[in-house]
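Start counting the sequence shown at 153; every next residue gets the next number (the working numbering).
Using N, Cα and C, we set each Cβ at its ideal position, and we do this for glycine too.
What follows is one structure encoded as C-alpha cells, with my remarks underneath.
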Amino acid sequence: MTYVVTDNCIKCKYMDCIEVCPVDCFYEGENMLVIHPDECIDCGVCEPECPADAIKPDTEGGLDKWLQINSEYAEKWPNITAKKEPPADAKTFDGEAGKFEKYFSAEPGEGD
Numbered sequence: 153m154t155y156v157v158t159d160n161c162i163k164c165k166y167m168d169c170i171e172v173c174p175v176d177c178f179y180e181g182e183n184m185l186v187i188h189p190d191e192c193i194d195c196g197v198c199e200p201e202c203p204a205d206a207i208k209p210d211t212e213g214g215l216d217k218w219l220q221i222n223s224e225y226a227e228k229w230p231n232i233t234a235k236k237e238p239p240a241d242a243k244t245f246d247g248e249a250g251k252f253e254k255y256f257s258a259e260p261g262e263g264d
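Shown next as C-alpha cells:
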C-alpha cells in the first residue's frame, strides 16, 4: 500500500503534508503535489494533514489513475521537503469537480 495525491490538490496545493512526511516523498508540480509510491512508507501521517482531503490510501477503490499519475510525475518533478504558502486562491478551488481535466499542469514546480 501507498498513499496518493488526488485531483483535489490541483490548484489548492496546501503543503501541510510535506511538513509531517518522515521520508520526504513529495514532489512538486506547477499546481499540485504527488507522492512517490516507491518512497512512501505507508505511515499515513500525511492523510489527515491535508486540508483539501486530497490524499488517499491506494487501497481505496478507483484510485488506479492517481497511482499512475503520482508514479509518473514523481519521476519528473522536483522533490519538496519544506512547506510553502498555498496559492492565494486555493480555497476557491477546494472541492471543485473536474479539476484534472480543467487545470492539471504537467509542468514541474520549484521544489526545494
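Are the beta-carbon atoms belonging to V175 and I207 less than 8 Å from one another? As a working note, residue 175 is residue 23 in the sequence shown. As a working note, residue 207 is residue 55 in the sequence shown. Taking 8 Å as the Cβ cut-off, V175 and I207 do not qualify as a contacting pair.
For L185, the residue or residues it bridges with in DSSP: Position 33 of the sequence shown holds residue 185. Answer is E180, bridged to L185.
For Y155, the residue or residues it bridges with in DSSP: Stepping through the sequence shown from its first residue, residue 155 is reached at position 3. P209.
Could you pull out every residue in the same chain whose Cβ sits closer than 8 Å to the Cβ of D264, ignoring the five residues on either side in sequence? Position 112 of the sequence shown, counting from 1, holds the residue named residue 264. Excluding sequence neighbours, D264 sits near P230, N231, I232, T233 and A234.
Own chain, CB closer than 7 Å to Y166, minus 5 neighbours either side, in chain order: Along the sequence shown, one-based indexing puts residue 166 at 14. Excluding sequence neighbours, Y166 sits near C202, P203, A204, P238 and A242.
For the candidate residues K163, Y155, T211 and Q220, whose alpha-carbon lies nearest to that of G250? Along the sequence shown, read from residue 1 onward, the residue named residue 250 stands at position 98. Taking only the C-alpha atoms, the option nearest G250 is K163.
Consult DSSP for P200 and reduce its assignment to one of helix, strand or coil. What you label residue 200 is simply residue 48 of the sequence shown in a count that begins at 1. Here P200 sits in helix by DSSP.
Please determine, among E199, T154 and E191, the residue with the shortest C-alpha to C-alpha distance to C161. Walking along the sequence shown from the start, residue 161 turns up at place 9. Here the closest residue by C-alpha is E199.
Hey, quick one: how far does the alpha helix (DSSP H) through K251 stretch, first residue to last? Working through the sequence shown from its first residue, we reach residue 251 at position 99. Run containing K251: K251 to Y255, per the alpha helix (DSSP H) assignment.
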